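Participant: Handing you this structure, nothing more for now.
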Amino acid sequence: MSGCCQNDSGVSAHTDTVRDSFEDIYTQWYPQVIRWARRRCVDPQDAEDVAQQVFADVWHHSGRYCPRRGGIGPWLYGITAHKAADASSAAARRFEGLRRLMVRPGPKDTDVGAGTVERVHMASSLAGLSNRRREVLFLAYYLDLTQPEVARHLGLPLGTVKSHTRRALRALACLLDERA
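Written as structure tokens, this is what we have:
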């Protein structure tokens with residue numbers, strides 16, 4: 076920080092102000108932040124995650140806000156733009172990795188028994204999930220990553236990964252039941 080708005084201790088004079096009014100900032104600005112995120116993210120779930128990350132940053136890095144540089148709206152927009160760009164880059168990397176997995180031919184399976192039918196049902200049901208949910212399940216159950224590892228890999232909070240996993244398993248169970 077360039078000394079803008081620092082108190083005698085060298086700490087941002089606005090840290091407490093932002094934290095004290097966080098609930099008001101969130102209530103007032105969340106609808107706009109989510110709109111900004113939705114414009115920049117392809118996946119609506121990514122937009123939700125971006126909005127959560129924006130307000131987590133506002134809380135954790137409230138000392139970076141300085142009203143002399145502009146209002147809170149432009150500050151939030153800047154954070155949103157950076158988080159959405161990160162999400163888009165991560166999504167592009169994920170899709171490329173998944174694309175490579177999908178085009179790589181698997182072993183030839185000449186047995187057309189019940190196991191094959193179950194695998195076809197599973198593949199079809201997985202295809203019915205959103206990319207984010209499919210990715211969380213892939214990382215957790217195919218690559219055998221723990222939820223904290225999945226969170227680090229995706230750059231998401233652990234709670235968000237747990238929610239995605241729970242919702243994905245619930246949706247997968249419903250899709251498999253429909254095909255049974």
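The sequence shown begins at 76 in our numbering and counts up by one. Note that CB positions come from ideal geometry on N, CA and C, so glycine has one too. All values reported here derive from a predicted model rather than from experimental measurement.
Rounded to whole angstroms, what's the CA-CA distance from D121 to R143? Just pull it up for me.
Facilitator: Stepping through the sequence shown from its first residue, residue 121 is reached at position 46. Stepping through the sequence shown from its first residue, residue 143 is reached at position 68. Rounded to the nearest angstrom, the two C-alpha atoms are 32 angstroms apart.
Participant: Near C116, what residues of its chain come up, given a Cβ to Cβ distance below 7 angstroms and the 5 sequence neighbours on each side ignored?
Facilitator: Taking the first residue of the sequence shown as 1, we reach residue 116 at position 41. Excluding sequence neighbours, C116 sits near A122, V125, A159, A162 and S163.
Participant: So the alpha helix (DSSP H) T221 belongs to, where does it begin and stop?
Facilitator: Start at 1 with the first residue of the sequence shown, and residue 221 comes out as number 146. Per DSSP, T221 belongs to no alpha helix (DSSP H) and is neither H nor E.
Participant: If the criterion is Cβ atoms closer than 8 angstroms, does the pair R209 and R242 meet it?
Facilitator: Start at 1 with the first residue of the sequence shown, and residue 209 comes out as number 134. Start at 1 with the first residue of the sequence shown, and residue 242 comes out as number 167. No, these two residues do not count as a Cβ contact at 8 angstroms.
Participant: Which residue's Cα is closest to the Cα of V236: Q127, A246 and V225?
Facilitator: Translated into the one-based positions of the sequence shown, residue 236 becomes position 161. Out of Q127, A246 and V225, V225 has the C-alpha closest to the C-alpha of V236.
Participant: State the start and end residues of the unbroken alpha helix (DSSP H) segment that holds S205.
Facilitator: Against the sequence shown, residue 205 aligns to sequence position 130. Element bounds for S205: n/a, residue is neither H nor E.
Participant: With C-beta atoms as the reference, is G203 less than 8 angstroms away from L244?
Facilitator: On the sequence shown, residue 203 is found 128 positions in, with the first residue counted as 1. On the sequence shown, residue 244 is found 169 positions in, with the first residue counted as 1. Their beta carbons are not under 8 angstroms apart, which means G203 does not touch L244 by this criterion.
Participant: Please report the distance separating the alpha-carbon of D118 from that of A156.
Facilitator: Indexing the sequence shown from 1 puts residue 118 at position 43. Indexing the sequence shown from 1 puts residue 156 at position 81. Cα to Cα, the separation comes out at about 15 angstroms.
Participant: If you drop the 5 nearest sequence neighbours on each side, which residues of the same chain put their C-beta closer than 7 angstroms to that of L231?
Facilitator: One-based indexing of the sequence shown puts residue 231 at position 156. Excluding sequence neighbours, L231 sits near D124.
Participant: Based on Cα-Cα distance, which residue from P106, R114 and Y216 lies nearest to F130?
Facilitator: Position 55 of the sequence shown, counted from the start, is the residue given in the question as residue 130. Among P106, R114 and Y216, the Cα nearest to that of F130 belongs to P106.
Participant: Compute the distance between the beta-carbons of L247 and S199, then report whether it is under 8 angstroms.
Facilitator: As a position in the sequence shown, residue 247 is number 172, starting the count at 1. As a position in the sequence shown, residue 199 is number 124, starting the count at 1. No, Cβ-Cβ distance for L247 and S199 is not below 8 angstroms.
Participant: May I ask which residues mark the beginning and end of the alpha helix (DSSP H) holding S96?
Facilitator: Numbered from 1 along the sequence shown, position 21 holds the residue referred to as residue 96. S96 -> no alpha helix (DSSP H), and no H or E assigned at all.
Participant: In whole angstroms, what separates the C-alpha of P223 from that of Y217?
Facilitator: For the purposes of this step, residue 223 is identified with residue 148 of the sequence shown, where counting begins at 1. For the purposes of this step, residue 217 is identified with residue 142 of the sequence shown, where counting begins at 1. Straight-line Cα distance between these residues: approximately 15 angstroms.
Participant: Are H196 and L214 closer than 8 angstroms when you measure CB to CB?
Facilitator: Taking the sequence shown and counting its residues from 1, the one referred to as residue 196 is at position 121. Taking the sequence shown and counting its residues from 1, the one referred to as residue 214 is at position 139. No, these two residues do not count as a Cβ contact at 8 angstroms.
Participant: Please name the residue, chosen from W104, A165 and D132, that lies closest to G146 on a Cα-to-Cα basis.
Facilitator: The residue you call residue 146 lines up with position 71 of the sequence shown. Among W104, A165 and D132, the Cα nearest to that of G146 is on W104.
Participant: Suppose you measure from the CA of I100 to the CA of R114; what does that come to, to the nearest Å?
Facilitator: Stepping through the sequence shown from its first residue, residue 100 is reached at position 25. Stepping through the sequence shown from its first residue, residue 114 is reached at position 39. Cα to Cα, I100 sits roughly 21 angstroms from R114.
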